[in-house]
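Contents: one structure, followed by commentary.
Dropping the structure here:
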């Protein structure tokens, strides 16, 4: 019983670490590159506009989509490691 609880706590801790990492990447992409760092990214051109504007309009959406698939992939690995996978 105590062993199951420690495994569950380790699983949850790993899950929270993954969520926190994904949120940091999302915030950096959405708010950092699109708003806060935009003046520094103004000289870099992507698709006819500056990189900061591109991140605000397109990059943050694409980053979010990549994060969704990354999270699913990493959670499948985590589930297998802790023996809670759906196979």
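Numbering (full-length UniProt numbering), first residue to last: 1 to 87. For every residue, glycine included, the Cβ atom is placed at its ideal position computed from N, Cα and C.
{"Check": "Alpha-carbon spacing of residue 85 relative to residue 40, whole angstroms", "Outcome": "44 angstroms"}
{"Check": "With 16 other Cβ atoms within 10 Å as the buried cut-off, status of residue 83", "Outcome": "exposed"}
{"Check": "Same chain, Cβ closer than 7 angstroms to residue 60, neighbours up to 5 away in sequence not counted", "Outcome": "29, 30 and 34"}
{"Check": "Exposure of residue 54, with buried meaning 16 or more beta-carbon neighbours within 10 Å", "Outcome": "buried"}
{"Check": "Cβ-based burial, residue 56 [other Cβ within 10 Å; buried from 16]", "Outcome": "buried"}
{"Check": "Three-state class that DSSP yields for residue 43 in the structure shown", "Outcome": "coil"}
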